[in-house]
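In this note's numbering, the protein residues as written are 9 to 315.
Each residue gets a CB set at the ideal place from its N, CA and C atoms; glycine is no exception.
These numbers were taken from a predicted model, which means no experiment stands behind them.
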Amino acid sequence: MRKQWVADASLLAVAFIWGATFVVVQNAISFLAPLSFNAVRFWLAGVFLLAWLCLFHRPLLRSLNRSVLFAGGWMGVWLFSGYALQTIGLLYTTSAKAGFITGLSVVLVPFFAFLFLKQKPTANAVLGAMMATAGLYFLTMNGGEWSVNRGDWFVFFCAISFAFHIVITGKYAVHYPTLLLTVIQIFTVAIMCSIFAFLFEDGTNMWDRTILQQPQVWTALIITSLLATVAAFLIQTNFQKYTTPARVALIFAMEPVFAAATAYIWAGERLSTSGLIGCSGILLGMVISELPVSLWLGKRENNQLTP
């Protein structure tokens with residue numbers, strides 16, 4: 009139980025890092041297109057981790073085989089798909105709708121975990137996911153009208169990709185060394201981002217000094233490559249083995265809450281009443297999911313014994 013609490017707290021820290029860097033990334037991609045930005049970000053993270061592996065954990069290289077390469081590469085494919093589909097979707101839909109649809113992975117993960125890993129979600133995990141989904145709607149949609157366009161479909165498949173990434177990470181993290189999986193995964197994303205940056209953006213901007221020397225760009229690259237990529241994915245890959253994919257998805261639903269909080273602190277953006285309700289719903293959903301099942305069963309038994 010203690011390991012699970014430590015894992016959940018560590019994954020919550022990851023959600024905070026991702027949410028807190030949202031404003032930084034937004035400023036950077038006004039100079040460097042999203043796929044190009046992510047390509048540089050993941051290349052920097054990959055080179056750093058590879059150097060760390062070779063200098064301090066060289067014996068791990070003996071564990072490198074086809075199975076590890078496949079596992080890390082497969083994790084990287086789904087992670088890249090999530091980023092790429094979300095980027096394409098944002099060309100045709102709003103950030104608010106994209107935020108809500110991406111957050112639907114909270115609901116998809118328990119379903120996929122049951123379907124592919126035979127992990128049956130607990131009642132409080134299902135209730136927590138429903139609460140968090142409702143909270144995401146209030147936080148991101150802010151009472152806006154709903155209509156479906158092709159961008160929404162791209163983002164929906166992005167949510168599926170992120171859900172699969174969480175489930176697959178849970179599957180492989182217990183079998184292979186964390187550092188090896190993370191290095192392979194990150195290099196896979198870097199390579200795929202680079203290829204698609206040349207296909208859909210001006211890929212030459214990735215090494216354009218004028219762009220890279222912009223303070224908004226280089227500071228964002230340093231922060232996101234070291235904290236939001238190296239640290240975040242090491243933590244996720246290492247600690248997800250001690251918890252369930254459903255809990256991970258629910259914890260990661262806190263990312264937009266942290267994004268809203270840091271946007272208020274750093275950029276002066278204020279949440280509406282709807283946004284506050286949404287944040288409360290997500291937080292309540294996470295708390296409900298953390299309650300031990302025995303507490304619910306105990307209450308139920310007491311109710312049955314009471315005449």
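Where does the unbroken alpha helix (DSSP H) through residue i begin, and where does it stop?
{"i": "Pro185", "result": "Here Pro185 belongs to no alpha helix (DSSP H), and DSSP marks it neither H nor E."}
{"i": "Trp82", "result": "Arg74 to Gly97"}
{"i": "Ile37", "result": "Ile37 -> no alpha helix (DSSP H), and no H or E assigned at all."}
{"i": "Asp16", "result": "Arg10 to Ala28"}
{"i": "Val8", "result": "The question about residue 8 has no answer, for the chain in this structure spans 9 to 315."}
{"i": "Val156", "result": "Taken as a continuous stretch (DSSP letters only), Val156 belongs to no alpha helix (DSSP H), as it is neither H nor E."}
{"i": "Asn246", "result": "Ala240 to Phe247"}
{"i": "Leu125", "result": "Ser113 to Leu125"}
{"i": "Gln222", "result": "It is not in any alpha helix (DSSP H) - Gln222 carries neither H nor E in the DSSP assignment."}
Spatial neighbours of residue i within its chain, please: C-beta separation below 7 Å, excluding the five flanking residues on both sides.
{"i": "Tyr180", "result": "Ala79, Met83 and Leu189"}
{"i": "Gln224", "result": "Asn35, Ala36 and Phe39"}
{"i": "Ala236", "result": "Ile25, Trp26 and Thr29"}
Would residue i pass as a contact of residue j if the rule is Cβ separation under 8 Å?
{"i": "Gln94", "j": "Thr252", "result": "no"}
{"i": "Thr110", "j": "Ala167", "result": "yes"}
{"i": "Leu229", "j": "Leu52", "result": "yes"}
{"i": "Asn157", "j": "Tyr91", "result": "no"}
{"i": "Ser288", "j": "Gly136", "result": "no"}
{"i": "Ala261", "j": "Val76", "result": "no"}
{"i": "Met139", "j": "Leu284", "result": "no"}
{"i": "Ala171", "j": "Val117", "result": "yes"}
{"i": "Met200", "j": "Leu258", "result": "no"}
Looking only at its chain, what residues have a beta carbon closer than 6 Å to the beta carbon of residue i, apart from the 5 residues adjacent to it on each side?
{"i": "Ser18", "result": "Ile243 and Phe247"}
{"i": "Leu98", "result": "Ala106"}
{"i": "Phe195", "result": "Gly54"}
{"i": "Ser89", "result": "Ser169"}
{"i": "Leu303", "result": "For Leu303, the pLDDT reaches just 49, beneath the cut-off of 50, and the residue's location in the model is therefore unreliable, although a value from the coordinates is still provided. Same-chain partners within the cutoff: there are none."}
{"i": "Gly286", "result": "Gly143, Phe146 and Leu147"}
Could you round the C-beta distance between residue i and residue j to whole angstroms and report it? I think they count as a contact, below 8 Å.
{"i": "Thr141", "j": "Leu112", "result": "7 Å"}
- For the 8 Å Cβ check, are there 3 or more pairs between the stretch 20-32 and the stretch 206-221? No, because fewer than three Cβ pairs between the stretch 20-32 and the stretch 206-221 fall closer than 8 Å, the two stretches do not touch.
- Indicate whether the contact test is met: 3 or more Cβ pairs, each with one atom in the stretch 33-49 and one in the stretch 200-209, closer than 8 Å. A contact between stretches requires three or more CB pairs, one per stretch, nearer than 8 Å, and the stretch 33-49 meets this requirement with the stretch 200-209.
- Item | the stretch 252-271 in contact with the stretch 119-126 per 3-pair CB rule at 8 Å | Yes, since at least three Cβ pairs between the stretch 252-271 and the stretch 119-126 fall closer than 8 Å, the two stretches touch.
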